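FYI, the numbering for the sequence shown is 1 to 384, going by the numbering used here. For every residue, glycine included, the Cβ atom is placed at its ideal position computed from N, Cα and C. All figures in this text were calculated on a predicted structure; none of them were measured in a lab. Here the structure is laid out as structure tokens; the discussion comes afterwards.
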Amino acid sequence: MMRNCDILLCDLDAFFASVELLDNPSLQGKPVLVGGSPEGRGVVSTCSYEARKYGIRSAMPMKKALSLCPEAVVLKGRMERYKELSQKVRLIFEIFTPDIEVVSIDEAYLAVKKQRGLDTAKNIHMAVRKELGLPISVGVSANKLLAKIACEKAKPNNVGLLWPEEIKAKLWPLPVRVLPGIGPVTGNKLSNLKIATVSDLANHPKDNLMRILGSHGEILYGYAHGLDNRAFETEQEAKSISEETTFPEDIHSREIIHDILFELATGVGYRLRSTGNTARTITLKLRFNDFRTITRSSTLPDSIHSDIDIYKTAKGLFDRHCSKPPWRLVGVQTSGFEQGSQISFFSTGPEQEKDNILTATRDKLREKYGSEVLFQGRRLKKNK
Ligand SMILES: [Mg+2]
């Protein structure tokens, strides 16, 4: 259905920080950090481009960020305002196409008619700038992979193109880490193979990649050639939303599984809320180290949509059915959708505020660094 489409990735630049600059022009030109407090273990959720000049990045501990740039302005974030603007951006997207796949609060893929991609991208860029005063970057190509890379290269506040026929000239010279799905573990394996650029990867024997990286090697090899089989799927069309993680090593601790279930619940919950639906059925998937795999479901009297409700249900299923460690994989799925209202995603209330900020921060971290990194960070912390 989407074969004859151009794909756009629209990504608001330094979104939370840009909103703060928009609402308070006296912050213009200053390094602005949005995130947790420097006391405790707060991290930078978003930093303005000015702050990036000091080497500050998302997910960096706030304490470290302030040591790099003591004069930075630290703001704790106003999630309701960000959601309000995110919704307005969404309305602008809807002017141009009904085919929207939401990635996160500041990012979405759009499918438009073939050969309409560049014009649409320019129009969206201009509309978001003029209507809302926010900087946005848009990447245009034939699939999600190339649109995403085009967008990264265009940032900030610009439109970028990366067509399949330009892969050798424009994609191959880039460092291999521009491709998605390369966390620290895979990155190390690739550098052991002397693969530094996308070109190195594209010209490496595929068999050898598969021997070392398994099926992931085949996917990465495809990416290096600009191939991306991921479907364009609007969440509205989906019958279920799920996420799962396979562990690089067996897990023996129930507590760690609980943490991972929470991560998965936040990912699934975010996507569920973005559809405006609620879910009646939560399913846990669990694989033991002998590769026996079970799925166990719970259908609830009332449908749910919050991270914490999804987590509690999944955790309950795990505690009842986990039998003996070690475990190899866990997954969380929501299904049995009911049309909720947008209240779920855009609701207000002080007690929700904290959970919302946490959720959005996690959503951003997941998007930026992939779940591999988050899980590793957690495991490191646990092992101390
Ligand atoms: Mg962004």
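For residue i, name the three-state secondary structure that DSSP assigns.
i, result
"G331", "strand"
"L286", "strand"
"P184", "helix"
"N123", "helix"
"I95", "helix"
"C151", "helix"
"I195", "coil"
"Y223", "helix"
"R254", "helix"
"I395", "Lying outside 1 to 384, the shown extent of the chain, residue 395 is not represented and no answer is given."
"Y109", "strand"
"L78", "According to the sequence provided, residue 78 is Arg. The question's Leu does not apply to it. Note: R78 maps to coil in three-state DSSP."
"I56", "coil"
"S298", "strand"
"N208", "helix"
"F337", "strand"
"A231", "coil"
"D200", "helix"
"E218", "helix"
"F247", "strand"
"L118", "helix"
"R292", "coil"
"E71", "coil"
"G269", "helix"
Between residue i and residue j, which are expected to be in contact by the criterion C-beta below 8 Å, what is the C-beta distance as a whole number of angstroms?
i, j, result
"G430", "I149", "Lying before the first or after the last residue shown, residue 430 is absent from the chain, which here runs from 1 to 384."
"T281", "T299", "5 Å"
"N143", "I7", "6 Å"
"E20", "L75", "6 Å"
"L145", "P180", "7 Å"
"L171", "G226", "7 Å"
"A231", "L201", "With a Cβ gap of about 23 Å, A231 and L201 do not count as contacting."
"I257", "V330", "6 Å"
"M62", "V44", "6 Å"
"P156", "S141", "Incorrect: roughly 19 Å between the Cβ atoms, too far for contact."
"A121", "V159", "5 Å"
Buried or exposed: which applies to residue i, given that a residue is buried once 16 or more other Cβ atoms fall within 10 Å of its Cβ?
i, result
"D119", "exposed"
"N203", "exposed"
"P135", "buried"
"F337", "buried"
"N192", "exposed"
"K114", "exposed"
"E84", "exposed"
"I4", "Note that residue 4 is Asn in the sequence shown here, rather than Ile. N4 is exposed by the Cβ-count criterion."
"H125", "buried"
"Q333", "buried"
"A17", "buried"
"L91", "exposed"
"R271", "buried"
"T295", "exposed"
"T275", "buried"
"R292", "exposed"
"E243", "buried"
"D23", "exposed"
"G214", "exposed"
"V103", "buried"
"R328", "buried"
"Q342", "Note that Q342 has pLDDT 39, beneath the 50 cutoff, so the model's placement of it is unreliable and no number is given."
"N277", "buried"
"R273", "buried"
"G29", "exposed"
"V185", "exposed"
"I310", "buried"
"S37", "exposed"
"I95", "exposed"
"A196", "exposed"
"A154", "buried"
"S290", "First, the residue type needs correcting, since residue 290 is Asp and not Ser in the sequence shown. It counts as exposed."
"S67", "exposed"
"E71", "exposed"
"E131", "exposed"
"A169", "exposed"
"S323", "exposed"
Could you tell me if the beta carbon of residue i falls within a distance shorter than 7 Å of some heavy atom in ligand 2?
i, result
"L12", "Ligand 2 is not part of this structure, which contains only ligand 1."
With a threshold of 8 Å between beta-carbons, can residue i be considered close to chain B, or not?
i, result
"Q28", "Given the protein chain composition of this structure (a single chain), no chain B is represented."
### Message
Quick test of the definition: if touching needs 3 or more C-beta pairs under 8 Å, does the segment 31-41 touch the segment 53-65?
### Response
Because the criterion of three Cβ pairs below 8 Å is met, the segment 31-41 and the segment 53-65 touch.
### Task
For the segment 208-226 and the segment 245-265, state whether three or more C-beta atom pairs, one from each stretch, are separated by less than 8 Å.
Result no; under three Cβ-Cβ pairs closer than 8 Å.
### Touch test, the segment 312-321 against the segment 277-294, Cβ-Cβ under 8 Å, three pairs minimum
yes
### Query
Are there three or more Cβ pairs, one per stretch, closer than 8 Å when the segment 290-305 is compared with the segment 239-249?
no
### Query
Is there contact between the segment 9-22 and the segment 98-109, where contact requires at least three CB pairs shorter than 8 Å?
yes
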